[in-house]
Amino acid sequence: MSTNKSQVKIFSLYSISKNRMIGSMMSIILFSVFTIHGAVAKDHDEQGLEKLYHVYSGDSYIGAVSEKDPILKWVKSKKIELKDEYALSADVIMQEELALIPERVFEAREENEKVLNQLEDTAVFKADAKALQVDGETIAYVADEKVAEKALKLVKKTVVSEEELSSLQDQSESASELDTGEARITDIRLKGFDKAIEAEVAPEKILSAEKAAEKLKKGTKKEISYKTEKGDTSEKIAEKFDMTEEELAELNPDLEQMTALKPGTDVNVNKSIEGITVSVKTEERVTEQIPYEKKVVKDKDLLVGETRVKQKGSDGEKEYTLHTHEEDGKQKSQTVKDEDVIDEPLPEIVAEGSKEIPSKGTGSLIWPTNGGYISSHQGPRWGKHHKGIDIAQPDDYTIKTVDNGTVISAGYEGDYGNKVVVDHNNGLRTIYAHLDKVDVKKGQIVKQGESLGLMGNTGFSTGIHLHFEVYSNGELQNPMDYLE
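Residues 1 to 484 in the UniProt record's numbering are what the sequence shown spells out, letter by letter.
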């Protein structure tokens, strides 16, 4: 027996194994009947016989052909076709060895076309490959180690760039210290990936690096047998294995009724196999401001509510190395190491008044606005008595209390518009009317010169101005007799 390069064996008649000889016994007997005396008779008989080749795939009989060359040619071209189609580095071989056994017969009944068609339909080919395994389960097959490495690199590139990968490969074991603002990847691991092992598989199962990377990242499903438990239904089983009931039914066509299953029933299910998780560790030298603190100290020389900045604050600065661990782009942890303070922060110191605001007036009234002139004096006007004075066109619209006191009313009141009344607790009361905005409320203690609101044109008013009145023990007074 001899084997050629196309993995097809050509056997002589007398080298056929016993189990393959049975089908040819009658031909052998007939052949022997005509092998009479001498070489002349033998030559004469052989001239009347035709040669056939019986084709076997393993132990399976395919049929008989008149010529072996078409079979050899088909096998060779099929291997080349599969190798080219799937870009394989290893040679393609047939799973079942093909054997052609010659025989001489009186009448050849060849099945050339039938044999080739049957080989096309049933022949199984395989090739050496690398099986990429995740947690002990094969996720994908690739042609060789080179393609496997490319697939794994593509998985890494789902979360890091080509530049970052190259930078990691270029780093020496003793990496230099990071400069301020500099960052680098210190480690990339494929969590869950086991190894690439040798395998023999059908060429169509061998994937490109891109498709293998996609499967490695996404994961896959594996059909397993599940023994049902008490209370299991198709809905519960499907939910348990993240399947639809339709998918479960497709895997179990013999189980017509799956609503109530007996415990211990074997059911085919798809078990999810998680894909690879890309774990990335980085370090970055970070500069960060240290916010200054605000300190408040009491000052007995300042009135309650008054403040004064005694020392302006300024932020400090620190540097540290930030170590970050991410999985598939999601942060898992962060730690700070090697912290150095570059500049200490300077606290802001604010003096806060502790001196109580006197609610009793001094008796000396200051001008209620910042500048301005009297646009209307107290006295007869438009057939009525004008109770106070009107002040217009000030430097700004701030309205000030003319002396210390207590706000006894603040709000809108008829022709006065927005009005504030201050009791100076010494027999004097003052009224501020037509305000655009009121900044105080009833019961509030105000000190001389404190803002009550903004000049306006509310109520019965012909323009923006302040209407100001003074009362002493309830009697209307001329403001000009009190204002300094």
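We treat Cβ as the ideally placed atom computed from N, Cα and C, and that holds for glycine. Remember, predicted model here, so these are calculated numbers, not experimental data.
Residue pairing of valine 304 in beta bridges, as defined by DSSP: absent, with no partner found.
Annotation: alanine 351 to glutamate 177 spans about 45 angstroms, alpha carbon to alpha carbon.
The stretch 152–168 and the stretch 243–257 do not touch, with fewer than 3 CB-CB distances between them shorter than 8 angstroms. Burial is judged here by how many other beta carbons sit within 10 angstroms of a residue's own beta carbon; arginine 381 has fewer than 16 and is exposed. Annotated three-state conformation of glutamate 288 is strand, per DSSP. Here serine 234 is buried, its C-beta having at least 16 other C-beta atoms within 10 Å. Considered as a whole, the stretch 409–467 harbours 418–423, 428–435 and 451–454 as its complete beta strand (DSSP E) runs of no fewer than 3 residues, in chain order. Scanning the stretch 335–412 from its first residue to its last, no whole alpha helix (DSSP H) run of 4-plus residues comes out.
The criterion of a C-beta distance shorter than 8 angstroms is satisfied by alanine 238 and glutamate 245. If you check the CB distance, phenylalanine 460 and proline 368 do not come in under 8 angstroms.
Secondary structure note for isoleucine 197: its beta strand (DSSP E) is the uninterrupted segment 193–201. By the CB criterion at 8 angstroms, lysine 355 and valine 296 fall outside the cutoff. For glutamate 198, the closest alpha carbon among the candidates Val142, Val155 and His325 is that of Val142.
By alpha-carbon distance to isoleucine 101, the top candidate from Ile185, Glu67 and Gln133 is Glu67.
When only Cα atoms are considered, asparagine 117 and isoleucine 185 end up about 57 angstroms apart. A distance below 8 angstroms between beta-carbons, with the five flanking residues on each side excluded, links glutamate 145 to the following residues of its chain, in chain order: Lys130 and Ala196. Less than 8 angstroms separates the beta-carbon of leucine 452 from that of lysine 400. When secondary structure is reduced to three states using DSSP, glutamate 293 falls in the coil class, being assigned neither helix nor strand. Leaving aside the five residues that flank tyrosine 471 on each side, the residues in its chain whose CB is nearer than 8 angstroms to its CB run, in chain order, Leu428, Arg429, Thr430, Ile431 and Gln477. Residue burial annotation: lysine 114 is exposed, with fewer than 16 other C-beta atoms found within 10 angstroms of its C-beta.
Considered as a whole, the stretch 117–165 harbours 125–134 and 137–142 as its complete beta strand (DSSP E) runs of no fewer than 3 residues, in chain order. Taken through DSSP and simplified to helix, strand or coil, aspartate 187 comes out as strand. Beta-bridge partners assigned by DSSP to valine 92: Ala127.
Rounded to the nearest angstrom, the gap between the Cα atoms of histidine 377 and isoleucine 357 is 32 angstroms. Residue burial annotation: lysine 240 is exposed, with fewer than 16 other C-beta atoms found within 10 angstroms of its C-beta.
Your pair lysine 271 and isoleucine 224 checks out as a contact, with CB atoms roughly 5 angstroms apart and the cut at 8 angstroms. The C-alpha of glutamate 162 lies about 19 angstroms from the C-alpha of lysine 330. The C-alpha of lysine 441 lies about 16 angstroms from the C-alpha of glycine 417. Residue pairing by DSSP puts serine 314 in a beta bridge opposite Leu346.
Under the 10 Å beta carbon count, proline 203 is surrounded by 16 or more other beta carbons and is classified as buried. Taking each of Lys298, Gly316, Gln444 and Gln133 in turn and checking the Cα distance to valine 407, the smallest one comes out for Gln444. Around the Cβ of threonine 458, a 10 Å sphere holds 16 or more other Cβ atoms; the residue is buried.
Glutamate 214 carries a helical assignment under DSSP once its states are collapsed to helix, strand and coil. Under the 8 angstroms Cβ criterion, the stretch 147–157 does not count as touching the stretch 91–110, having fewer than three qualifying pairs. Only exposed fits aspartate 343, as fewer than 16 other CB atoms lie within 10 angstroms of its CB. With 16 or more neighbouring CB atoms inside 10 Å of its own CB, lysine 217 falls in the buried class.
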